[in-house]
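S.K.: For the sequence shown, the positions run 1 to 590 when our numbering is used.
Ideal placement from N, C-alpha and C gives every residue a C-beta, glycine not left out.
The model shown is predicted, which means the values in this text are computed figures rather than measured ones.
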Amino acid sequence: MLWRSVVGKLWFTIILLVAVVLTVLMVMLLRSFEKFHIQEAESQLVHHITMIEHIYEGYENENEAILRINEYSQLLDMNMIMIREGQVVFDKAVYPSEVIELASFYEDDVLANVFNGESIVIKEGHFQSEGNHSLNELMVVGIPLNSNEGDTAFFLYQSLQVVEETSKETKSIIYLSAGIAIVLTTVFAFFLSTRITAPLRKMREAALEVARGKFQTKIPIVSHDEIGLLGMAFNRMARDLNISITEVNQEKEQLSRILASMADAVITFNRQGHIMITNPPADLILESWVYEEGAIKPNNGPKELQSVFQKVVAGEREQSLEKNIQGRTFAILMTPLYDREQIRGAVAVIRDMTEERQHDKLRKDFIANVSHELRTPISMLQGYSEAIIDDIAESHEEKKELARIIYDESLRMGRLVNELLDIARMEAGYVDLHMDEIHLQDFMKKVVRKFKGIANEQKVRLDLELIEPLPPLKFDHDRIEQVLTNLIHNAIRHTEEAGFVNIKVRADKNEVIFDVIDNGSGISEQDLPFVFERFFKADKARTRAKGGTGLGLAIAKNIIDSHKGKISVHSKLNEGTTFTFRLPVQKVDA
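This is the structure:
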């Protein structure tokens, strides 16, 4: 509505102020003009009656003087009367003679003073009349005359209606002027208030645009007064707000990206314990937690997490928890969030500790396996050496057999230690590869030729199949030979008599594929995922009898990985095993 707007309030205030000022001024002008008209009429009557007195006294003959006075009165068109001893000597009246009762003139104390030599001016309020006109509407001026024939006085009187008519005209002019002033003030006030409030309306529209996020909105500055300064301050505020919002958005986006890229799960709670912010790892953990515990209230999280949150809020200190979810171990650390001095929520960081726990287990298993692997040869060395010292072996052949066993066990311990050192260096990244261009046909024939004797002793057929064409290949000659040696040796050891071991080499797109195939005892399905782990043995008793340490395949996998290749195994129990590794074809320098 108009009255609720700044335009209406300013407009109404200006009009009301001008109206009050004009009213006060009009009342004062009306009174001043009314007083002025009465004083002007009185002054004219006094002036005229003084002239009549001079005319009367200027003639010695009274009749001639009255004749001149009558002529003067005709020029003035005024009401006059001359009374002597209570009788009307001369009467020139606009009103009939009953308007003025002689008795009233004579008997009135005020008029009687004229006959005693005093001049009077009576404006109103001393006369009464039985006629159609009231003496209260007359202004009477009396003056005594020097006459030898008795007390004589001359009176001029004028109706106040003439003064009132003049006052009415003045009032009309004043009222008209006031009306015009009010109209002009109304137009001017509306124009002024509109001009003043137009920038305010633009500021309101700009403020709404800023509230919608359009911080580039600017107010045109058309003046340098307070409104112009306000517009400049608004533009500066919008600019600073734009900068601040941009910085906040950048920090928010940066924080969001940091949370999204974190490997640890992050969950933020408000004061009521409702989940506010989560990152992708936290969503996956909560999903698994919900699946494990069943129905959970929306936004509240699991019960154990809520219990930790209550402890954090109550104790105002961080709390920790370790939880197993779907076979994985998670460490939860929850810390309170403060709003100055009051807790406004909490943040929980959840870290997947599964690999660390597995590493701890592997470390313990490694120590146990190494101890187990070393204990047997050390025990054998100790036992057989004691037998030699105690002369249990009497013959030379028995002593030689014991020495042979001690020698074999020492070699086994040496291989174990060397393999442990090799795998430790490889896993630490210290693998020195001497990449050379290798002719695959000659290289493979050399490797297979090395195992021909062992295969013949085991009565196992050893074949080499090279599928042409084979591209030039660069790799570390010794390391790849070590891989093939381990795979072929394992295949021969686990293949019964009349079995076969087939080595196949072929090219496929940008890689060369090596297959070591046997029809030996094979590997069970439950053991297949672990064949490349350290110290793993599918049949520990049998492999130990055949001299295995359980590190060969782990070393082979590290060598293939260092060549940026891949190694895999396929096997069926009692049907055979196939080990396959792939090496990428690299450009050979010309």
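Going by DSSP, which residues form a beta bridge with Thr580?
M.R.: Start at 1 with the first residue of the sequence shown, and residue 580 comes out as number 580. Partner(s): Asp515, Ser568.
S.K.: Taking only the alpha-carbon atoms, compute the straight-line gap between Met276 and Glu247 and give it to the nearest angstrom.
M.R.: What you label residue 276 is simply residue 276 of the sequence shown in a count that begins at 1. What you label residue 247 is simply residue 247 of the sequence shown in a count that begins at 1. Distance between the alpha carbons of Met276 and Glu247: 22 Å.
S.K.: By DSSP, does Val141 sit in helix, in strand, or in coil?
M.R.: Taking the first residue of the sequence shown as 1, we reach residue 141 at position 141. If DSSP states are grouped into helix, strand and coil, Val141 belongs with the strands.
S.K.: Check Met237 in the structure and name its three-state DSSP category.
M.R.: Locating residue 237 in the sequence shown gives position 237, where the first residue counts as 1. Three-state DSSP puts Met237 in a helix.
S.K.: For Ser571, count neighbouring C-beta atoms within 10 Å of its own C-beta (all shown protein chains included) and say buried if the count is 16 or more, exposed if not.
M.R.: Locating residue 571 in the sequence shown gives position 571, counting from the first residue. So Ser571 counts as buried.
S.K.: Could you give the distance in angstroms between the alpha-carbon of Asp65 and the alpha-carbon of Leu145?
M.R.: On the sequence shown, residue 65 is found 65 positions in, with the first residue counted as 1. On the sequence shown, residue 145 is found 145 positions in, with the first residue counted as 1. Here residue 65 is Ala; the residue named in the question, Asp, does not match the sequence. One C-alpha to the other measures close to 12 Å.
S.K.: Quick check: the Cα distance between Ala41 and Tyr157, rounded to an integer number of angstroms?
M.R.: As a position in the sequence shown, residue 41 is number 41, starting the count at 1. As a position in the sequence shown, residue 157 is number 157, starting the count at 1. Roughly 10 Å separates the two Cα atoms.
S.K.: Could you check the C-alpha separation between Gly273 and Phe330 for me, to the nearest Å?
M.R.: Along the sequence shown, one-based indexing puts residue 273 at 273. Along the sequence shown, one-based indexing puts residue 330 at 330. Each residue's Cα considered, the two are about 21 Å apart.
S.K.: As a quick exercise: from Gly552, Val483, Val505, Met139, pick the residue whose alpha carbon is nearest that of Asn418.
M.R.: Translated into the one-based positions of the sequence shown, residue 418 becomes position 418. Closest option to Asn418, Cα to Cα, is Gly552.
S.K.: So, using beta-carbon positions, are Phe234 and Ile245 closer together than 8 Å?
M.R.: Taking the sequence shown and counting its residues from 1, the one referred to as residue 234 is at position 234. Taking the sequence shown and counting its residues from 1, the one referred to as residue 245 is at position 245. Taking 8 Å as the Cβ cut-off, Phe234 and Ile245 do not qualify as a contacting pair.
S.K.: Whose C-alpha, out of Met26, Pro199, Arg84, Lys400, is nearest the C-alpha of Ile171?
M.R.: Locating residue 171 in the sequence shown gives position 171, where the first residue counts as 1. Residue identity check: residue 171 is Lys in the sequence provided, not Ile. Nearest C-alpha to Lys171: Met26.
S.K.: Measuring alpha carbon to alpha carbon, tell me which residue in Ile567, Glu525, Val18 is nearest Ala181.
M.R.: Start at 1 with the first residue of the sequence shown, and residue 181 comes out as number 181. The candidate whose alpha carbon is nearest that of Ala181 is Val18.
S.K.: In chain order, what residues of the same chain lie with their CB nearer than 7 Å to the CB of Leu473, ignoring the 5 residues before and after it?
M.R.: Taking the first residue of the sequence shown as position 1, residue 473 is located at position 473. Ile438, Leu440, Val512, Leu583, Val585.
S.K.: Determine the direct distance from the alpha carbon of Leu381 to that of Asp408, and round the result to whole angstroms.
M.R.: Locating residue 408 in the sequence shown gives position 408, where the first residue counts as 1. Locating residue 381 in the sequence shown gives position 381, where the first residue counts as 1. Straight-line Cα distance between these residues: approximately 10 Å.
S.K.: In whole angstroms, what is the alpha-carbon distance linking Glu398 and Phe451?
M.R.: Counted from its first residue, the sequence shown places residue 398 at position 398. Counted from its first residue, the sequence shown places residue 451 at position 451. So the alpha carbons of these two residues sit roughly 31 Å apart.
S.K.: Please classify Asn490 as buried or exposed, where buried requires at least 16 other C-beta atoms within 10 Å of its C-beta.
M.R.: By 1-based counting over the sequence shown, the position of residue 490 is 490. It counts as buried.
S.K.: Is the beta carbon of Leu402 closer than 8 Å to that of Ile388?
M.R.: Here residue 388 corresponds to residue number 388 of the sequence shown, with the count starting at 1. Here residue 402 corresponds to residue number 402 of the sequence shown, with the count starting at 1. Contact: yes.
S.K.: Starting from Ser167, follow its DSSP beta bridges and name the residues at the other end.
M.R.: Sequence index remark: in the sequence shown, residue 167 carries index 167 (1-based). None, per the DSSP bridge assignment.
S.K.: Mark His37 as exposed unless 16 or more other C-beta atoms lie within 10 angstroms of its C-beta, in which case mark it buried.
M.R.: Residue numbering aside, residue 37 sits at position 37 when the sequence shown is read from its first letter. His37 comes out buried.
S.K.: Got a sec? Which residues, its chain only, sit under 7 Å from Glu533 by beta carbon, not counting five neighbours each side?
M.R.: As a working mapping, residue 533 is identified with position 533 in the sequence shown. Correct list, in chain order: Ala554.
S.K.: Rounded to whole angstroms, what's the CA-CA distance from Asp432 to Ser379? Just pull it up for me.
M.R.: Locating residue 432 in the sequence shown gives position 432, counting from the first residue. Locating residue 379 in the sequence shown gives position 379, counting from the first residue. Roughly 35 Å separates the two Cα atoms.
S.K.: DSSP puts Phe330 in a beta bridge; with which residues?
M.R.: Position 330 of the sequence shown, counted from the first residue, corresponds to residue 330. In DSSP, Phe330 forms a bridge with Lys323, Asp352.
S.K.: Let's test the definition: count the other Cβ atoms within 10 Å of the Cβ of Ala260 and tell me whether it reaches 16, buried, or not, exposed.
M.R.: Translated into the one-based positions of the sequence shown, residue 260 becomes position 260. Counting Cβ neighbours within 10 Å, Ala260 comes out exposed, since fewer than 16 surround it.
S.K.: DSSP three-state call for Asn79: helix, strand or coil?
M.R.: In the sequence shown, counting from the first residue as 1, residue 79 sits at position 79. Strand, per DSSP.
S.K.: Pull up the distance between the alpha-carbon of Asp518 and that of Ile488, whole angstroms please.
M.R.: Along the sequence shown, read from residue 1 onward, the residue named residue 518 stands at position 518. Along the sequence shown, read from residue 1 onward, the residue named residue 488 stands at position 488. The alpha-carbon atoms of Asp518 and Ile488 are separated by roughly 9 Å.
S.K.: Once DSSP output is grouped into helix, strand and coil, what is the label at Phe215?
M.R.: One-based indexing of the sequence shown puts residue 215 at position 215. Three-state DSSP puts Phe215 in coil, outside helix and strand.
S.K.: Looking at the structure shown, is Glu615 part of a helix, part of a strand, or coil, going by DSSP?
M.R.: Outside the shown range of the chain, which is 1 to 590, sits residue 615, and nothing can be said about it.
S.K.: Which class does Asn502 belong to by DSSP, given the choice of helix, strand or coil?
M.R.: Locating residue 502 in the sequence shown gives position 502, where the first residue counts as 1. Asn502 falls in the strand class under three-state DSSP.
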